[in-house]
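So the protein sequences, as listed, match chains C and H. Those letters in the first sequence? Residues 1 to 102, per the working numbering, in order. Those letters in the second sequence? Residues 103 to 204, per the working numbering, in order. For glycine and all other residues, C-beta sits at the position ideal for the given N, C-alpha and C. Reading through the structure tokens given below for one structure.
2 protein chains.
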Amino acid sequence: MSEIIKDNMPDTELLFELADLFKVFGDSTRIRIICALFEAELPVYGISELLGLEQSTVSHQLRILRQNKLVKVRKDGKQSFYSLSDEHVRKIFDMGLSHIME
Amino acid sequence: MSEIIKDNMPDTELLFELADLFKVFGDSTRIRIICALFEAELPVYGISELLGLEQSTVSHQLRILRQNKLVKVRKDGKQSFYSLSDEHVRKIFDMGLSHIME
DNA sequence: TCAACAAATGAACATATGTACATATATTAG
DNA sequence: CTAATATATGTACATATGTTCATTTGTTGA
Chain C
1 MSEIIKDNMP DTELLFELAD LFKVFGDSTR IRIICALFEA ELPVYGISEL
51 LGLEQSTVSH QLRILRQNKL VKVRKDGKQS FYSLSDEHVR KIFDMGLSHI
101 ME
Chain H
103 MSEIIKDNMP DTELLFELAD LFKVFGDSTR IRIICALFEA ELPVYGISEL
153 LGLEQSTVSH QLRILRQNKL VKVRKDGKQS FYSLSDEHVR KIFDMGLSHI
203 ME
């Protein structure tokens with residue numbers, strides 16, 4: 001019986017990856033950055049200014065977002081412009097929001 | 103300009119709540135428990151057996167899931183049967199999955 | 001009432017994580 | 001080439017988090 005359940009479940013490996021993805025969303029600084037990027041493509045100092053955060057804090061968090069492919073960068077001169085990499089990000093965000101709102 | 107962006111963003115308060123929600127999904131043990139509950143309503147020992155986890159580990163994590171209203175309990179004798187509290191949980195889960203799969 | 005069982009809880013501990021400060025890298029302007 | 005600016009990175013540190021072990025609570029059956 002528990003064997004049947006186990007067989008229907010995705011690989012544990014995959015579930016670890018999934019947890020890692022949600023971990024990225026599970027920090028208020030990163031969520032706020034993501035949310036800012038819904039509105040516009042922004043450079044690092046733009047984000048830190050907007051959210052009142054240290055430049056290095058933003059940069060560190062952007063690296064994590066980059067590594068997880070949630071944001072992409074476009075370099076222009078001295079600036080790095082960040083934007084969201086795809087629509088999944090917004091969907092995941094919205095799903096979470098509607099759970100809270102219920 | 104950054105004022106306009108700020109005005110369009112949800113309250114910071116709400117974004118903190120949202121991060122807290124995703125934090126719950128951001129742990130492999132909890133994700134695995136959630137995933138098991140997609141298949142069936144289960145008692146605590148059933149989950150620990152299925153996933154190979156200590157009873158107390160499962161119980162601790164179920165408490166967190168309960169506090170965040172992701173699971174609900176039905177008590178029957180000595181046992182506590184857990185199940186998912188709503189469909190949002192599955193939707194959030196699936197959204198995450200499809201991001202990984204892409 | 002007592003033993004057996006299921007689940008919940010408390011405390012301690014090791015590990016992970018986010019932030020700040022300092023510094024390095026890279027690019028542009030002069 | 002140098003100074004100024006934007007970003008990235010390294011390190012240290014405080015805090016948060018998950019797990020384990022031990023114990024408690026609650027329920028059933030003898």
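Between Cys-35 (chain C) and Met-197 (chain H), is the Cβ-Cβ spacing less than 7 Å? no
For a contact meaning CB atoms closer than 7 Å, what does His-99 (chain C) contact in chain H?
Leu-123, His-190 and Ile-194
Open item on the list: For a test of your reading of the model: does the CB of Arg-165 (chain H) fall under 6 Å from any non-hydrogen atom of the ligand FAD? Yes or no.
Closed with: Among the components modelled here there is no ligand, and therefore nothing to report on the ligand FAD.
**Request:** Out of H:Glu-189, H:Leu-155 and H:His-201, point me to the one whose CA is closest to Val-173 (chain H)'s CA.
**Result:** H:Glu-189
Discussion item. Give me the chain H residues within the contact set of Pro-10 (chain C), using Cβ-Cβ distance strictly less than 8 Å, ordered along the chain.
Written reply: Cys-137 and Leu-199
Compute the distance between the beta-carbons of Ser-83 (chain C) and Leu-37 (chain C), then report whether it is under 7 Å. yes
- Per-residue DSSP class, three states only, for Asp-178 (chain H): strand
Report task. Check the C-beta distance from Lys-108 (chain H) over to Leu-50 (chain C) and give it rounded, since I have them as a contact under 8 Å. Result -> 6 Å
* To do: Use the C-beta contact count for His-162 (chain H): other C-beta atoms within 10 angstroms, 16 or more gives buried, fewer gives exposed.
  => exposed
*Opposing strand residues paired with Tyr-82 (chain C) [DSSP bridges]*: C:Leu-42 and C:Val-73
- Task: Report the rounded CA-to-CA distance for Glu-39 (chain C) versus Phe-93 (chain C), giving the unit in angstroms.
- Result: 14 Å
**Asked** Quick one: what does DSSP say Asp-11 (chain C) is sitting in, helix, strand or coil?
**Response** coil
### Query
On the three-state DSSP scale, how would you describe Glu-204 (chain H)?
coil
For Glu-49 (chain C), which three-state DSSP category applies?
helix
DSSP three-state call for Gly-128 (chain H): helix, strand or coil? coil
- Query: What's the call for Gly-179 (chain H), buried or exposed, on a 16-neighbour Cβ count within 10 Å?
  - Reply: exposed
Taking the alpha-carbon positions, what's the Leu-42 (chain C) to Arg-176 (chain H) distance? 48 Å
For Gly-128 (chain H) and Phe-25 (chain C), what's the separation of their Cα atoms in angstroms? 8 Å
Query raised in the report: In the structure shown, what three-state DSSP assignment does Glu-105 (chain H) receive?
Result: helix
**Message:** Distance check for Thr-29 (chain C) and Ser-48 (chain C), CA to CA, integer angstroms please.
**Reply:** 10 Å
#### Entry: Below-7 Å beta-carbon distance, Phe-127 (chain H) vs any chain C residue
yes
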